[in-house]
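For the sequence shown, my numbering gives the first residue as 1, with consecutive numbering after it. C-beta: ideal position from N, C-alpha, C; glycine also. Keep in mind the model is a prediction, meaning the values are calculated, not measured. Notes follow the structure.
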Amino acid sequence: MSYLIEELRERKTLDNQGLKTLLESDDLSLEEDLFRNAREVADEQFGREIWLRALIEWSNVCRNDCYYCGIRHSNTSLPRYSLTPEEILTCCDQAWRLGLRTFVLQGGENPSAAAALAPTVAEMRASWPDTAITLSLGELPFETYALLRRSGANRYLLRHETASPVHYARLHPAPMRLEHRLACLQELQRLGFRTGMGMMVGSPFQTTDDLIADIRLIQRFQPGMIGLGPFIPHPDTPLGQYPAGSAGQTLRLYAILRLMLPQAWIPSTTALSTLRPDGRKAGILAGANVVMPNFTPVSHRADYALYAGKSAPAVEAEENLKQLIQEIESIGYHV
Ligand code: SAM
């Protein structure tokens, strides 16, 4: 069945039946072949270089109540925090000194606070003109996206979460709509942000057909970045009793999407390394080309608890970075 992989690599697409086989087959040599091909394509695009992005978990205050997410509004057991502008700038300064040139500010959805971040974004842009500033702040009024873009942000990550409206409604309460999330993605792209989308793998009620719909949506949208990680339950959420997604399935999706969109930036995510200790390396070997070391102040990391056991190293950013670089080098890559 390796002709499926050849076809996918050659034509950058495959019919639904072929995708289903790649996602469901229990033939481990097929899986190995898929990962090897994805890795070769990533190597052709990026060499053996892995790009680092400094993740700063800006705030866990969120107006939404996504049924799967630990920082959902209704989770009252979580102490809430937002980093001050000074704290954000200190994180950036530390990342910059350690050689990172992309800052990623991520947080719960909080439109007024997101608009109030604009001066901080402008200060980041002025202080580090040669860096990329990525935001991941959820669905905001379009004028806020425009304001943040004018202030100097140039990338935005907004996972679509699932391409099926029925599945979307089983993961999110009524006021949230897939249609609106997709409209936000279109607007972000129109404003000139390099845009990222993606989904959780193995989220409750997800079928292989849902994943194929996700792949098709990503294929149509052609995002510059793709954020994918396994679903991991959080006990204080309505979906906390469902099983975690599979690391293997996540890796197959990295590989399939690498073969379809050779130039996309795909991080090997924290959720994957939470599920599997060697997850970060496995993600790279299945086609991922980005790693996002955590620069959130250690005192706040435990509170950005999206899911149980989130691997939030208790060590300081510098030590964490050293370990990450060693991991990357141990499989023949460099940063
Ligand atoms: N508020 C922003 C948004 O809506 O895009 C960014 C923060 S949100 C917490 C970041 C991502 O975390 C979500 O897009 C979701 O895919 C992921 N996430 C949330 N809960 C999760 C869980 N239980 N397991 C795995 N990933 C999860």
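With C-beta atoms as the reference, is residue i less than 8 angstroms away from residue j?
i    : j    : result
F295 : A95  : yes
D130 : A163 : no
G70  : L83  : no
L34  : I5   : yes
A146 : F103 : no
A132 : R97  : no
N64  : M199 : no
T208 : L23  : yes
L185 : L158 : yes
R39  : A264 : no
Y333 : I50  : yes
L182 : L135 : no
M197 : L8   : no
G283 : L275 : no
V41  : P262 : yes
L19  : I266 : no
P297 : C92  : no
How would you label residue i, buried or exposed, when you count the other beta carbons within 10 angstroms and need 16 or more for buried?
i    : result
P119 : exposed
H180 : exposed
P293 : buried
N16  : exposed
P223 : buried
A305 : buried
R258 : buried
D112 : Sequence check: residue 112 is Ser here, not Asp. Burial call: exposed.
A343 : Lying outside 1 to 335, the shown extent of the chain, residue 343 is not represented and no answer is given.
R220 : exposed
P235 : exposed
A174 : exposed
E109 : buried
R317 : Position check: residue 317 holds Ala in this sequence, whereas Arg was assumed. A317 is buried by the Cβ-count criterion.
E44  : exposed
G138 : buried
P233 : buried
Is the closest heavy atom of the ligand FAD to the C-beta of residue i under 7 angstroms?
i    : result
S246 : The model on display carries the ligand SAM but not the ligand FAD.
Find the nearest neighbour of residue i within the set the options, judged by alpha-carbon distance.
i    : options                   : result
F205 : L239, D130, M197 and P79  : L239
I325 : K281, P297 and K310       : K281
V201 : Q241, T237 and Y254       : Y254
P277 : A247, R301, N289 and G287 : A247
N378 : I331, L117 and L23        : Any question about residue 378 goes unanswered here, given that the chain covers just 1 to 335.
D27  : N320, P297, Y333 and R252 : R252
W128 : S151, L137, G108 and A114 : S151
H167 : C66, T134, T21 and I284   : C66
Q189 : I88, H172 and Y156        : Y156
I226 : R194, Q249, D236 and H234 : R194
R216 : E57, P267, H160 and S203  : H160
M337 : E109, L140, G108 and L148 : With the chain covering only 1 through 335, there is no way to say anything about residue 337.
A169 : S203, V298, L137 and F142 : S203
Residue i CB to nearest chain C CB: under 8 angstroms?
i    : result
P119 : Of the chains in the structure shown, none is chain C; there is only one protein chain.
Return the bridge partner residues of residue i from the DSSP annotation.
i    : result
E57  : Q106
P267 : V290
P230 : V201
L52  : V291
Kindly provide the ranges of any alpha helix (DSSP H) runs that are 4 or more residues long and lie completely inside the region 301 to 334, ordered along the chain. If only uninterrupted alpha helix (DSSP H) runs of at least 4 residues are considered, those enclosed by the region 301 to 334 are 317 to 330.
Which runs of the alpha helix (DSSP H) fall wholly inside the region 151 to 227 and span at least 4 residues, in chain order? List check, alpha helix (DSSP H) in window: 165 to 171, 178 to 190 and 208 to 221.
What are the start and end residues of each continuous beta strand (DSSP E) run of 3 or more residues lying completely inside the region 120 to 151, in chain order? For the region 120 to 151, whole beta strand (DSSP E) runs of length 3 or above, ordered along the chain, are 132 to 136.
At 3 residues or longer, what runs of the beta strand (DSSP E) sit wholly inside the region 68 to 117? Within the region 68 to 117, the complete beta strand (DSSP E) runs of at least 3 residues are 102 to 107.
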